[in-house]
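S.K.:
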Amino acid sequence: MNKFVFMLMFTFLGTSVMSSQNINPPLGRIAVVADGNSPDPDDLGGTAVTLALLQASGLSNRLVHYSHSCDLVVMHRISEAAEKERHAMMQTACDGTARRWGGFDHITFLDAKWQTDETIKDLCKAINESTENNPLWIVEAGEPDIIGLALAATPKEKHQYVKVITHHPANDNAGDFFTWQEILDFGVEEVRIPDQNTHLKVKESEWNWAMNHSDNRLQFIWLMGKMAEIDNVVKFQKGKWDCSDAGMALYWITGATNGGLKEGTVDDVKTLLLNYIDKK
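Using my numbering, read the sequence shown as starting at 38 and increasing by one per residue.
1. Taking the alpha carbon of LEU160 as the point to measure from, which residue in TRP138, GLY284 and ALA189 has its own alpha carbon closest?
2. Using only alpha-carbon positions, find the residue among GLY140, ASP268 and PRO78 that is nearest to VAL101.
3. Between which residues of its own chain and SER97 is the CB-CB distance below 7 Å, once the five residues before and five after are set aside?
4. Quick check on LYS240: does DSSP put it in helix, strand or coil?
5. Sort LYS158, LYS238 and GLY82 by Cα distance to GLN128 and report the nearest one.
6. Can you say whether ILE267 is buried or exposed, counting buried as having 16 or more other CB atoms within 10 angstroms of its CB?
7. Assess, as a yes-or-no matter, whether the region 243-254 is touched by the region 212-219 under the definition of 3 or more beta carbon pairs within less than 8 Å.
8. Quick one: grab the DSSP three-state call for GLN58.
9. With DSSP collapsed to three states, give me the class of ALA190.
10. Below 9 Å between beta carbons: does that hold for VAL176 and ALA286?
11. How many angstroms separate the CA atom of ALA207 from the CA atom of VAL70?
12. Locate the beta strand (DSSP E) running through CYS277, then write down its first and last residues.
13. Who are the Cβ neighbours of HIS205 in its own chain at under 7 Å, not counting the five residues just before and after it?
14. With DSSP run on the structure shown, which of helix, strand or coil describes ALA125?
15. Going by DSSP in three states, ALA71 sits in which element: helix, strand or coil?
16. Cutting at 7 Å between CB atoms, please list the residues of its own chain near GLN197, excluding the five before and the five after it.
17. Can you tell me whether GLY276 is buried or exposed? The criterion is at least 16 other CB atoms within 10 Å of its CB, across all chains shown.
18. Leaving out five residues on either side along the sequence, give the residues of the same chain with a beta carbon under 6 Å from the beta carbon of PRO76.
19. Where does LYS343 land, buried or exposed, given buried means 16+ other C-beta within 10 angstroms?
20. Take the Cβ of SER106 as the centre, count every other Cβ of all protein chains shown within 10 Å, and call the residue buried at 16 or more, exposed below.
21. Cα-Cα, which of THR134, ASN245, GLU166 and TYR313 is closest to THR191?
22. Classify GLU117: buried if its beta carbon has 16 or more other beta carbons within 10 angstroms, exposed otherwise.
23. How about THR294 and PRO63: do their beta carbons lie closer than 9 Å?
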């Protein structure tokens with residue numbers, strides 16, 4: 038019996054240590070440039086999960102820029118009315134998650150298309166503050182144009198301290214003003230991880246744990262992903278709960294280039310969020 042109790046305690050302690058080791062961010066700060074105003078609405082769930090993960094891991098204070106709706110050129114695949122709706126929903130995903138989870142009073146969530154100059158200036162400020170010991174990690178969760186415009190407006194000597202995390206060529210190659218190669222030509226470091234859709238664009242039922250949870254913070258996250266699932270502009274989200282872009286934040290939180298989780302799963306997200314909620 039004593040041996041059994043000892044084994045249980047060992048397993049519990051081992052799990053606790055493992056969980057604490059999962060939060061192992063690199064030096065520096067993180068910035069996110071997302072779209073969501075383009076035909077693909079997955080940034081609704083991705084934004085909510087990204088912000089919740091940063092707060093749950095105690096790293097919300099290291100987020101120095103978050104902009105959304107970075108598709109700067111009107112696309113004919115989405116109507117003017119639907120575009121306007123997407124901007125409002127993306128702002129709600131940002132502000133609503135931040136208010137419920139807390140930790141983001143130090144930043145303003147910017148609409149890249151409707152507040153382009155302010156967005157570029159805000160990202161420029163983050164780039165200009167970068168040093169060897171305080172690099173800037175930019176999560177490319179949409180078209181690269183805002184990143185390119187900010188890099189073009191900042192000193193070249195700062196670009197060596199900028200790292201751009203990407204997971205999908207669809208974002209890299211969607212720029213209207215910059216190609217992906219032109220982004221790299223600024224001298225930033227490319228940090229490429231596998232396609233996060235593989236494990237984070239899943240059957241809607243895999244998020245029932247959040248939908249049915251008593252905590253309204255988790256319910257809100259689920260609702261943002263559900264808004265994307267019922268989107269009537271695209272059909273490829275039907276039956277899916279998609280937070281694929283949040284996989285890049287998860288990678289950064291768990292170590293980035295120093296052993297970060299390159300192929301995170303819903304269970305990884307669930308563990309971090311529930312551990313945080315259970316401690317509150």
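Even glycine gets a Cβ: it sits at the ideal position worked out from N, Cα and C.
M.R.: Looking at the atomic coordinates:
1. ALA189
2. GLY140
3. LEU91, GLY140 and PHE141
4. strand
5. GLY82
6. exposed
7. no
8. Because GLN58 carries a pLDDT of 44, less than 50, the predicted location of this residue cannot be relied on, and the following value inherits that uncertainty. In this structure, GLN58 counts as helix in the three-state DSSP scheme.
9. coil
10. yes
11. 15 Å
12. According to the sequence as given, residue 277 is Lys; it is not Cys. Element bounds for LYS277: 277-279.
13. ASP232
14. helix
15. strand
16. GLY224
17. exposed
18. ARG114, ILE115, VAL270 and VAL271
19. The chain is shown only over 38 to 317; residue 343 falls outside these bounds and no answer can be derived.
20. buried
21. GLU166
22. exposed
23. yes
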